[in-house]
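Heads up: the structure comes next, in structure tokens.
Here it is in structure tokens:
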């Protein structure tokens with residue numbers, strides 16, 4: 001009772017405040033966790049929007065990434081959240097939609113610019129309703145040191161076999177750590193390891209959807225094969241990789257001590273600033289020459305509308321603009337490595353970012369296998385995948401055992417797999 | 001003689017107690033009981049419902065939860081054992097050396113040993129991670145310099161060493177606390193007793209074992225209990241050094257990190273305040289039992305010497 005009254009009072013005060021503002025001009029407040037991007041929003045994105053829509057004022061009010069979910073939830077419950085909400089992908093936002101905090105945007109015209117894969121991060125399980133406009137994705141692949149490749153005289157690998165031949169060449173040469181990755185923080189092994197190379201083996205969306213539908217199991221060849229690859233990586237990682245952290249790996253690579261870095265495209269801006277050698281990128285190598293390649297083009301940031309907003313018209317105008325190619329171009333060039341998800345063609349200036357995004361034309365896109373639906377229960381499949389990927393790289397667990405353990409865990413709570 | 005007057009209500013007692021009681025209730029007692037209450041609920045379809053002891057049945061009965069719980073408890077036990085076997089004896093030895101009147105610069109040593117205790121665990125965790133790092137750390141280089149490079153291992157990344165390494169880092173940080181408490185206890189032993197012992201021919205090491213040690217036993221008991229409570233509530237150092245998943249392969253997972261992961265969620269795992277509260281309640285129970293064993297089993301048997 002008490003909290004309800006309090007909520008009511010809070011709601012009433014925000015309503016009063018908001019109506020006073022709308023009398024002249026609509027003002028939109030954006031909730032976000034991307035406080036790194038504050039300058040880009042204030043200097044580039046918002047002025048571009050306000051120039052086109054002088055009657056709408058936009059304010060970008062980010063909070064710290066680690067606190068964002070908690071802060072947003074309490075603001076929404078208290079009725080004091082902004083009109084525009086930046087959406088985390090999958091379950092965190094789905095929970096907000098189900099609680100009635102995010103408005104259904106399926107009917108908005110801008111939505112037609114996005115593919116189903118792009119929308120999957122912010123749609124209900126059946127795909128019936130989409131509640132956030134897909135804003136950016138990150139692509140996985142490998143970044144390499146071009147100077148090191150020239151020095152040792154190896155070419156960019158296309159297939160699995162060539163990939164290990166390159167690693168072996170660097171190991172024999174001895175001047176470079178073949179691959180900069182550690183297992184201390186665990187997530188790199190799963191995100192930049194398993195989910196980076198995996199789509200080539202489970203055939204991207206085909207395998208991912210089959211797993212969700214229960215037609216494939218994590219013990220199937222397509223899901224165990226990536227672990228077999230990871231098991232061979234340990235030999236090519238630096239001394240003491242077991243205690244090497246994520247920032248360690250980044251520094252080893254940008255200091256020019258390593259040849260290959262299993263990467264996500266979000267590294268691009270940081271690496272451009274740090275590294276003083278030329279970098280290139282290649283997509284995860286396929287099993288044999290001529291195979292279709294698959295990449296992890298993971299939906300990462302979306303943007304939606306607070307269902308309780310008073311300026312829903314202005315908010316929709318803004319969201320439609322976010323769905324346009326104009327926004328995509330500004331955003332993608334300001335933040336190389338975060339790629340727009342819309343189907344509209346976007347010109348990128350950064351060569352490394354161009355390389356990453358070019359794979360969308362040659363390869364099939366998919367998202368990380370564990371993110372949609374499959375990480376809802378206990379044990380949590382994403383956390384288990386981190387653990388299994390590390391165990392396989394270190395040789396503590398065989399690829400088959402890892403697959404079986406994950407399958408048993410998933411089957412213990414996920415009905416289609418039982 | 002005046003007739004015995006009726007006892008007045010002594011309001012000042014209540015008034016003077018009130019601030020402390022209010023603050024303590026607001027920040028300790030209320031959250032504690034609310035956590036215990038929360039552990040008896042669960043959230044189903046956005047609604048909080050009463051489930052009785054179901055959360056505890058899941059925690060102890062369901063292998064997915066109980067394996068993690070027992071693993072965390074065992075790690076906690078090991079963490080505590082290392083502190084008892086390494087931190088407290090070293091603390092007592094340091095105090096005994098410091099209290100020797102012949103030691104020069106004892107104030108300097110005392111401060112130097114105590115300083116890590118006041119450092120933030122984030123600094124300690126980060127600094128030791130760097131010291132032990134296989135890439136930038138000074139540990140491999142130092143071992144190399146004395147020809148013992150083969151002893152070097154990426155300790156924090158190996159399942160068999162990680163927890164022991166972190167326990168020793170924690171010992172390094174907190175060894176100043178038992179040292180200070182024992183030091184104070186040693187100083188409070190009257191010289192007359194030691195002199196009386198000397199007359200009977202008890203000097204040097206014998207004086208420590210036969211006179212000082214029995215006299216500081218109550219302080220050692222208190223330190224053991226403080227160590228127990230601090231170790232079973234530990235969270236910060238592990239979280240700062242290894243993250244919430246307490247790698248490698250949960251080998252450094254203790255009850256604190258397990259509770260944190262469950263309560264607040266981690267990465268794609270959404271937070272579950274009710275299961276988290278159940279773990280917190282179990283932690284509370286474990287600590288309560290431990291403290292009770294000490295209070296009723298040990299402290300009552302300790303003799304108090306009156307000087």
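Residue numbers (my numbering), protein chains in the order written: chain A, 1 to 418; chain B, 1 to 307. All C-beta atoms in this analysis are idealised placements derived from N, C-alpha and C, irrespective of residue type, glycine included. Since this is a predicted model, take the numbers as computed values, not measurements.
Along chain A, in chain order, which residues have C-beta atoms closer than 8 angstroms to that of residue 155 of chain B?
-> Numbered from 1 along the second chain, position 155 holds the residue referred to as residue 155 of chain B. In chain order: 243.
Just the C-alpha distance for residue 367 of chain A and residue 192 of chain A, rounded to the nearest angstrom, thanks.
-> The residue you call residue 367 of chain A lines up with position 367 of the first chain. The residue you call residue 192 of chain A lines up with position 192 of the first chain. Near 13 angstroms, if we compare the C-alpha coordinates of residue 192 of chain A and residue 367 of chain A.
Minimum length 4: unbroken alpha helix (DSSP H) runs contained in the segment 301-386 of chain A = 312-322, 325-334 and 351-362
Going along the chain, which residues of the segment 259-270 of chain B sit with their C-beta nearer than 7 angstroms to a C-beta in chain A?
-> 266, 267, 268, 269 and 270
May I ask you to list, following chain order, the residues of the segment 29-57 of chain B that have a beta carbon less than 7 angstroms from some beta carbon of chain A?
-> Legend: CB atoms of the segment 29-57 of chain B lying less than 7 angstroms from CB atoms of chain A belong to residues 46.
Mind checking whether residue 133 of chain B and residue 243 of chain A have CB atoms under 8 angstroms apart?
-> As a first step, residue 133 of chain B must be located in the second chain, where it is residue number 133. As a first step, residue 243 of chain A must be located in the first chain, where it is residue number 243. Contact: yes.
Cβ neighbours of residue 400 of chain A in the same chain (closer than 7 angstroms, five flanking residues each side left out) | Position 400 of the first chain, counting from 1, holds the residue named residue 400 of chain A. Once the five neighbours on either side are set aside, the close Cβ partners of residue 400 of chain A are 224.
Tell me, please, whether the CB atom of residue 273 of chain B is closer than 8 angstroms to any CB atom in chain A?
-> The sequence position of residue 273 of chain B within the second chain is 273, counting from 1. Chain A contact via Cβ: absent.
May I ask which residues mark the beginning and end of the alpha helix (DSSP H) holding residue 237 of chain A?
-> Taking the first chain and counting its residues from 1, one reaches residue 237 of chain A at position 237. Segment: none, residue 237 of chain A is in no alpha helix (DSSP H) and carries neither H nor E.
Quick one: grab the DSSP three-state call for residue 418 of chain A.
-> Position 418 of the first chain, counted from the first residue, corresponds to residue 418 of chain A. The answer is coil: DSSP assigns residue 418 of chain A none of H, G, I, E or B.
Touch check for the segment 84-100 of chain B and the segment 173-181 of chain B: three-plus C-beta pairs under 8 angstroms?
-> Taking a contact to require three or more Cβ pairs closer than 8 angstroms, the segment 84-100 of chain B and the segment 173-181 of chain B qualify as touching.
Cα-Cα separation, residue 16 of chain B to residue 10 of chain B = The residue labelled residue 16 of chain B in the question sits at position 16 within the second chain. The residue labelled residue 10 of chain B in the question sits at position 10 within the second chain. Between residue 16 of chain B and residue 10 of chain B, the C-alpha separation is close to 11 angstroms.
Quick one: which chain B residues come within Cβ less than 8 angstroms of residue 412 of chain A?
-> Start at 1 with the first residue of the first chain, and residue 412 of chain A comes out as number 412. Residues of chain B passing the Cβ test: 64.
Taking only the alpha-carbon atoms, compute the straight-line gap between residue 97 of chain B and residue 179 of chain B and give it to the nearest angstrom.
-> Taking the first residue of the second chain as position 1, residue 97 of chain B is located at position 97. Taking the first residue of the second chain as position 1, residue 179 of chain B is located at position 179. Rounded to the nearest angstrom, the two C-alpha atoms are 10 angstroms apart.
Alpha carbon to alpha carbon, how far is residue 319 of chain A from residue 110 of chain A?
-> Here residue 319 of chain A is taken as the residue at index 319 of the first chain, counted from 1. Here residue 110 of chain A is taken as the residue at index 110 of the first chain, counted from 1. Going from the Cα of residue 319 of chain A to the Cα of residue 110 of chain A covers about 8 angstroms.
Look at residue 283 of chain A and residue 359 of chain A and say whether their C-beta atoms are less than 8 angstroms apart.
-> The sequence position of residue 283 of chain A within the first chain is 283, counting from 1. The sequence position of residue 359 of chain A within the first chain is 359, counting from 1. Going by C-beta atoms, residue 283 of chain A is nearer than 8 angstroms to residue 359 of chain A.
Closer than 8 angstroms to chain A by CB, residue 357 of chain B | Shown here, chain B extends from 1 to 307; a query on residue 357 of chain B therefore has no answer.
With a cut-off of 8 angstroms, does the C-beta of residue 133 of chain B fall near any C-beta of chain A?
-> Residue 133 of chain B sits at position 133 when you count from the first residue of the second chain. Residue 133 of chain B counts as touching chain A.
Using a Cβ cut-off of 8 angstroms (strictly closer), state whether residue 382 of chain A contacts chain B.
-> In the first chain, the residue the question calls residue 382 of chain A occupies position 382. With 8 angstroms as the cut-off, residue 382 of chain A counts as an interface residue toward chain B.
Would you please verify whether the beta carbon of residue 290 of chain B is less than 8 angstroms from any beta carbon of chain A?
-> Position 290 of the second chain, counted from the first residue, corresponds to residue 290 of chain B. Residue 290 of chain B does not count as touching chain A.
Grab the span of the beta strand (DSSP E) containing residue 145 of chain A for me, first residue to last.
-> The residue labelled residue 145 of chain A in the question sits at position 145 within the first chain. First-last of the beta strand (DSSP E) with residue 145 of chain A: 132-145.
Which listed residue (A/43, A/67 and A/411) has its alpha carbon closest to that of residue 60 of chain A | As a working note, residue 60 of chain A is residue 60 in the first chain. The candidate whose alpha carbon is nearest that of residue 60 of chain A is A/43.
Can you pull the chain A residues whose beta carbon is under 7 angstroms from the beta carbon of residue 158 of chain B, in chain order?
-> For the purposes of this step, residue 158 of chain B is identified with residue 158 of the second chain, where counting begins at 1. The contacting residues are 242.
Contact belief for residue 315 of chain A with residue 141 of chain A at Cβ below 8 angstroms, rounded distance in angstroms = For the purposes of this step, residue 315 of chain A is taken as residue 315 along the first chain, with counting starting at 1. For the purposes of this step, residue 141 of chain A is taken as residue 141 along the first chain, with counting starting at 1. Residue 315 of chain A to residue 141 of chain A, Cβ: 35 angstroms. No contact.
Are residue 230 of chain B and residue 122 of chain B touching if we call contact CB-CB under 8 angstroms?
-> Against the second chain, residue 230 of chain B aligns to sequence position 230. Against the second chain, residue 122 of chain B aligns to sequence position 122. It is not a contact, given that the beta carbons lie outside the stated cut-off.
Residue 245 of chain A and residue 290 of chain A closer than 8 angstroms at C-beta = Against the first chain, residue 245 of chain A aligns to sequence position 245. Against the first chain, residue 290 of chain A aligns to sequence position 290. Not in contact: residue 245 of chain A and residue 290 of chain A (Cβ atoms no closer than 8 angstroms).
Pick from A/309, A/151 and A/211 that is closest to residue 85 of chain A, judged by C-alpha positions = Taking the first chain and counting its residues from 1, the one referred to as residue 85 of chain A is at position 85. For the residues A/309, A/151 and A/211, the minimum Cα distance to residue 85 of chain A belongs to A/309.
Buried versus exposed call for residue 68 of chain B [16 or more other C-beta atoms within 10 Å across all chains shown] = Mapped onto the second chain, residue 68 of chain B falls at position 68. Answer is buried; the Cβ neighbour count reaches 16.
Buried/exposed call for residue 293 of chain B, threshold 16 Cβ in 10 Å | Reading the second chain from its first residue, position 293 is the one you call residue 293 of chain B. With fewer than 16 other beta carbons inside 10 angstroms of its own, residue 293 of chain B counts as exposed.
Output the distance between the C-alpha atoms of residue 277 of chain B and residue 81 of chain A, rounded to the nearest integer angstrom.
-> Indexing the second chain from 1 puts residue 277 of chain B at position 277. Indexing the first chain from 1 puts residue 81 of chain A at position 81. Approximately 28 angstroms between the Cα atoms of the pair.
Alpha helix (DSSP H) segment containing residue 261 of chain B, residue limits = Locating residue 261 of chain B in the second chain gives position 261, counting from the first residue. Element bounds for residue 261 of chain B: 255-264.
My guess is that residue 258 of chain A and residue 143 of chain A are in contact by the Cβ rule of under 8 angstroms, so how many angstroms apart are they, rounded?
-> Indexing the first chain from 1 puts residue 258 of chain A at position 258. Indexing the first chain from 1 puts residue 143 of chain A at position 143. In fact, because the Cβ distance is near 10 angstroms, the residues do not count as touching under 8 angstroms.
So what's residue 33 of chain A in DSSP terms, helix, strand or just coil?
-> What you label residue 33 of chain A is simply residue 33 of the first chain in a count that begins at 1. Coil.
How would you call residue 21 of chain B, buried or exposed, if buried means at least 16 neighbouring beta carbons within 10 angstroms?
-> Here residue 21 of chain B corresponds to residue number 21 of the second chain, with the count starting at 1. Result: exposed.
Can the beta-carbon of residue 64 of chain B be found less than 8 angstroms from the beta-carbon of residue 378 of chain A?
-> Residue mapping note: residue 64 of chain B aligns to position 64 of the second chain, counting from 1. Residue mapping note: residue 378 of chain A aligns to position 378 of the first chain, counting from 1. Yes, these two residues count as a Cβ contact at 8 angstroms.
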